[in-house]
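Heads up: the structure comes next, in structure tokens.
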Amino acid sequence: MAETRPALPLDVMEIGERAAQFARSSRAPATERAYQSDWSDFVGWCRQAGVVALPAAATVGAYLADRVDSLRVATLNRRVAKP
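Take 573 as the starting number for the sequence shown in my numbering and just add one per residue.
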């Protein structure tokens, strides 16, 4: 008969912070700065447009469409890559 062990309590916030730290440390500092710049631009655009940044389902599409004439495709791709 298999031994049943009690479930360990998960600290979801702590796990999330560890995952975020892992993601940050897995990228070059310049990439991390670029991602931070991308996020700041998106949040600023959201404020100006009067929409919330998160959750962002329809907001991201509107943001990208608005930026398509002023940003390169590689930058737009990077901006949607940030979790």
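All residues carry an ideal CB built from backbone N, CA and C; glycine is no exception.
The closest CA to that of glycine 633, considering only Val652, Val615 and Ala646, is found on Val652. One Cα belongs to glycine 616, the other to aspartate 583, and the distance between them is close to 32 Å. Secondary structure of valine 624 (DSSP, three-state): coil. With a cutoff of 9 Å on beta-carbon distance, aspartate 638 and alanine 621 are scored as near each other. In the three-state reduction of the DSSP assignment, serine 598 falls in the coil class.
Pairing leucine 648 with leucine 636 gives a Cβ-Cβ distance under 9 Å.
Rounded to whole angstroms, glutamine 593 and valine 640 show a C-alpha spacing of 31 Å.
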